[in-house]
Each structure stands twice: as C-alpha cells, then as structure tokens.
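Trainee: Per our numbering, residue 19 is the first one in the sequence shown, and the count goes up by one each step.
No residue lacks a Cβ here, since even glycine has one placed at the ideal position from N, Cα and C.
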Amino acid sequence: MRKIVIAGNWKMFKTQAESRAFLTGFLPHLEDTPSSREVVLCPPFTDLIVLSQSLHGSRVKLGAQNVHWEESGAYTGEIAANMLTEVGVRYVIIGHSERRQYFGETDATVNLRLKAAQKSGLTPILCVGETKQQRDAGHTESIIINQLKQGLVEIDQTNLIIAYEPIWAIGTGDTCESSEANRVIGLIRSQLTHPLVSIQYGGSVKPNNIDEIMAQPEIDGVLVGGASLEADSFARIVNYTII
Ligand code: 13P
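Encoded structure:
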C-alpha cells in the first residue's frame with residue numbers, strides 16, 4: 019500500500035506565537051482522522067523547535083523546507099540535516115519551484131540535497147512541475163521526466179515522496195484539473211523503479227477541491243500552501259471525504 023501523506027508547506031509565514039495558536043485550533047480536529055493518513059507540517063526553521071515540543075506525543079510529523087548537502091561549513095543562510103533531525107524533523111521539502119525560481123536551485127543541487135537528506139534518515143519530498151509557458155508549448159512531460167531523471171540519480175526510492183506541483187497552479191487559485199493531475203502523476207510513477215513511492219499533488223489545494231483530488235487513483239496525498247495556514251481549512255483537507 020502506498021502511504022497517504024497530507025503536508026502543509028507554510029513557506030515564509032508564521033511566527034512562533036502564530037504557530038502555537040495554529041496548533042491550538044488544529045489538533046482537536048485530528049481526533050477522528052484515519053490513522054492511515056500521515057499529517058505533516060513544514061514551518062519556517064524558527065518554528066521547528068516550538069512545534070517539535072508542542073507536537074510531542076501527537077501524530078503530526080514535522081518537515082523542513084530545505085536542507086544543505088554538506089554536514090557543516092561556511093554556507094551562510096543554509097541548514098544541515100543533523101540540525102533538523104536533532105529537533106525532531108522527519109521530512110524535508112526539496113526542489114520547490116520557489117527555490118528553483120528565486121534562489122537558483124538546479125536539478126544538480128536538488129540531487130545533492132536529496133542525498134544528504136536520505137543519508138540522515140530524513141524523508142525528502144521532491145517537488146517537480148512545469149511552468150505555464152512550458153505546458154502551453156507541450157513540454158510538460160519532457161520537463162518532468164528530465165527533472166526526475168536528473169534529480170533522482172543515485173537516490174533510494176524506498177525513502178522518497180514526490181510532489182507534482184504545476185507552477186501555474188501554485189498560489190493562483192487555478193487548480194490543475196484533478197484528472198490531469200492524475201495523468202501526470204501516473205506519468206511520474208511510470209518513471210520510477212520502486213512501486214510504493216507516494217506521489218502528492220500541490221497547487222491551490224483547498225477545502226472545496228480536496229475530496230475530488232483525493233478520489234483520483236494515482237494521487238497519494240497533497241502538499242498544501244495557503245490553505246494550510248488556517249487551522250479549520252487545513253483540518254478539512256486532512257479530514258477529506260472519500261467519494
Ligand atoms: P498553494 O497551495 O498556496 O497554491 O501552494 C502550493 C505549494 O507551493 C505547496 O508547496
């Protein structure tokens with residue numbers, strides 16, 4: 019069985035006080051959430067310690083939004099894998115399109131970060147996806163296949179999650195049709211050697227489209243930005259209805 023993973027990517031939102039307030043509203047909603055659903059929060063680095071303490075004994079797992087490939091060194095602004103595992107982080111988002119677009123992340127650095135994450139026992143969430151321009155030009159498939167080919171060199175697929183995040187659907191309210199997300203995720207799966215890799219969809223996931231998205235047979239979870247910032251809305255996503 020492939021694992022269902024529902025992850026919130028908080029990006030550069032929430033102070034420690036705000037993250038505590040979120041948990042107060044969010045955790046009571048998890049009482050009846052099926053145990054088969056892995057729930058993950060990926061806050062900014064400064065929130066990790068406070069969430070780690072507050073989540074102790076809860077079913078919610080912690081994720082980070084990036085990790086460097088070296089164990090330590092003169093890399094201003096970066097974070098090492100053992101700094102994350104020390105505070106209880108289990109997952110790490112790697113290669114998010116915002117990192118690729120604004121911070122020069124390439125498939126080569128994505129690959130290095132994936133290797134470092136796995137070496138430390140973290141489970142990486144590798145993000146792939148095409149721009150609107152690439153989609154309109156008919157290049158969606160080739161772009162994604164190339165991102166996977168280069169990103170996954172020497173990567174252990176038994177400890178890996180992939181998120182398909184079409185860039186044009188991120189933060190725009192313009193969700194990819196669930197059948198199209200299902201098709202592309204099926205394509206991603208066809209490129210993998212391990213059959214049990216969980217593959218998420220990300221891009222304008224909301225309470226009003228989560229049930230339809232999760233009804234798609236290839237989709238094993240979601241990576242949620244904006245709608246994960248508010249306790250009630252993320253709770254509705256985590257507690258999606260099977261239709
Ligand atoms: P939105 O859900 O805000 O579109 O963001 C998606 C995303 O980038 C998750 O990593």
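Among Val68, Gly75, Asp250, Val171, which one has its Cα closest to the Cα of Leu130?
Mentor: Translated into the one-based positions of the sequence shown, residue 130 becomes position 112. The shortest C-alpha separation from Leu130 is found at Val171.
Trainee: Spatial neighbours of Gln152 within its chain, please: C-beta separation below 6 angstroms, excluding the five flanking residues on both sides.
Mentor: As a working note, residue 152 is residue 134 in the sequence shown. Closer than 6 angstroms at Cβ, skipping near neighbours: Ile161.
Trainee: Nearest CA to the CA of Phe252: which residue from Ile261, Ile260, Val242, Asp192?
Mentor: Position 234 of the sequence shown, counted from the start, is the residue given in the question as residue 252. The shortest Cα separation from Phe252 among Ile261, Ile260, Val242, Asp192 belongs to Val242.
Trainee: Could you give the residue range of the alpha helix (DSSP H) that holds Ser37?
Mentor: Working through the sequence shown from its first residue, we reach residue 37 at position 19. First-last of the alpha helix (DSSP H) with Ser37: 34 to 44.
Trainee: Tell me whether Ile188, by its Cβ, gets closer than 7 angstroms to a heavy atom of ligand 1.
Mentor: Sequence index remark: in the sequence shown, residue 188 carries index 170 (1-based). Yes, the Cβ of Ile188 comes within 7 angstroms of a heavy atom of ligand 1.
Trainee: Let me know the secondary structure DSSP gives Lys137 once reduced to three states.
Mentor: Within the sequence shown, numbered from 1, the residue matching residue 137 stands at position 119. In the structure shown, Lys137 sits in a helix (DSSP, three-state: H, G or I).
Trainee: How would you label Pro213, buried or exposed, when you count the other beta carbons within 10 angstroms and need 16 or more for buried?
Mentor: Along the sequence shown, read from residue 1 onward, the residue named residue 213 stands at position 195. Its Cβ having fewer than 16 others within 10 Å, Pro213 is exposed.
Trainee: Would Ile143 pass as a contact of Ala181 if the rule is Cβ separation under 8 angstroms?
Mentor: Taking the sequence shown and counting its residues from 1, one reaches residue 143 at position 125. Taking the sequence shown and counting its residues from 1, one reaches residue 181 at position 163. Taking 8 angstroms as the Cβ cut-off, Ile143 and Ala181 qualify as a contacting pair.
Trainee: Can you determine whether any heavy atom of ligand 1 sits closer than 7 angstroms to the C-beta of Ser222, and answer yes or no?
Mentor: In the sequence shown, residue 222 corresponds to position 204, counting from 1. Answer for Ser222: yes, Cβ within range of ligand 1.
Trainee: Quick check: the Cα distance between Ile112 and Asp50, rounded to an integer number of angstroms?
Mentor: Here residue 112 corresponds to residue number 94 of the sequence shown, with the count starting at 1. Here residue 50 corresponds to residue number 32 of the sequence shown, with the count starting at 1. Rounded to the nearest angstrom, the two C-alpha atoms are 31 angstroms apart.
Trainee: Cβ atoms of Trp28 and Leu247: under 8 angstroms apart, would you say?
Mentor: Translated into the one-based positions of the sequence shown, residue 247 becomes position 229. Translated into the one-based positions of the sequence shown, residue 28 becomes position 10. In contact: Leu247 and Trp28 (Cβ atoms closer than 8 angstroms).
Trainee: Go ahead and label Ile203 buried or exposed: buried means 16 or more other beta carbons lie within 10 angstroms of its beta carbon, across all protein chains shown.
Mentor: As a working note, residue 203 is residue 185 in the sequence shown. So Ile203 counts as buried.
Trainee: According to DSSP, is Arg20 helix, strand or coil?
Mentor: Residue numbering aside, residue 20 sits at position 2 when the sequence shown is read from its first letter. Note: Arg20 maps to coil in three-state DSSP.
Trainee: Closest to Phe315 by CA distance: which of Pro52, Arg55, Leu59, Glu123 is it?
Mentor: The structure shown does not extend to residue 315, since the chain is modelled only from 19 to 261, so the question has no answer here.
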